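Numbering (the numbering used here), first residue to last: -9 to 133.
Beta carbons are placed, not taken as given, at the ideal position from N, Cα and C, and that holds for glycine.
This one's a predicted model, so the numbers in the text were calculated from it and none came from an experiment.
See below for the structure under consideration.
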Amino acid sequence: TPTLLILKDREDGDTVLLGSPDFLHNERLDQQGNASLALQLLGSRPHLVWYLPSLADPSATSDDGVSDEHDGGGNGEEAPGDESSFLDLIPSGWLWATLQLTLAAALAAIWRGRRLGPLVMERLPVSIRASESAEGRAGLYRK
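What follows is the structure, encoded as structure tokens:
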């Protein structure tokens, strides 16, 4: 069932908010009186503003609600061929957080890398006596 909210205002007109536009689609107009409801909602007033929020809407992507592409002189609509890229849809705070995490990871890698210190050469005997080699192999064979 669709949600319907009517806010009555005597000066500026009524505001009608629909929670779901599903009953306005052609495939559902013939069910449960949806056609009558749609005609009464949309046709009973002389002025109708149809607004569908989307991610391409400038007010949905910017923090302050002002579009970077429009300077206020336009009507706030994008051209039909314009599409937002994936990076345009990411809020500006995510870029700053990613930069901080990258910097923190780099500093942690440098800090932990310095702690290990330089490599130390271990002095090993170059030659092994034959008796040591025989005893070592015998011990391995016993296991």
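Query raised in the report: Which residue's Cα is closest to the Cα of residue 5: 112, 119 and -6?
Result: -6
Query raised in the report: To which residues of the same chain is residue 80 closer than 8 Å at the C-beta, ignoring the five residues directly before and after it?
Result: none
Query raised in the report: Is it buried or exposed for residue 13, if we count other Cβ within 10 angstroms and need 16 for buried?
Result: Buried.
Query - residue 48 to residue 11 span [Cα, whole Å] - result: 21 Å
Query raised in the report: In whole angstroms, what separates the C-alpha of residue 90 from that of residue 84?
Result: Whole-angstrom Cα-Cα distance: 10 Å.
Query raised in the report: Since residue 19 and residue 28 are thought to touch, with beta carbons under 8 Å apart, how far apart are those beta carbons, to the nearest angstrom?
Result: 7 Å
Query raised in the report: So, helix, strand or coil for residue 5, using DSSP?
Result: strand
Report task. Determine the direct distance from the alpha carbon of residue 99 to that of residue 46, and round the result to whole angstroms. Result -> 39 Å
Query - Opposing strand residues paired with residue 100 [DSSP bridges] - result: According to DSSP, which records beta bridges pairwise, residue 100 is partnered with nothing at all.
Requested in this report: Leaving out five residues on either side along the sequence, give the residues of the same chain with a beta carbon under 8 Å from the beta carbon of residue -2.
Outcome: 4
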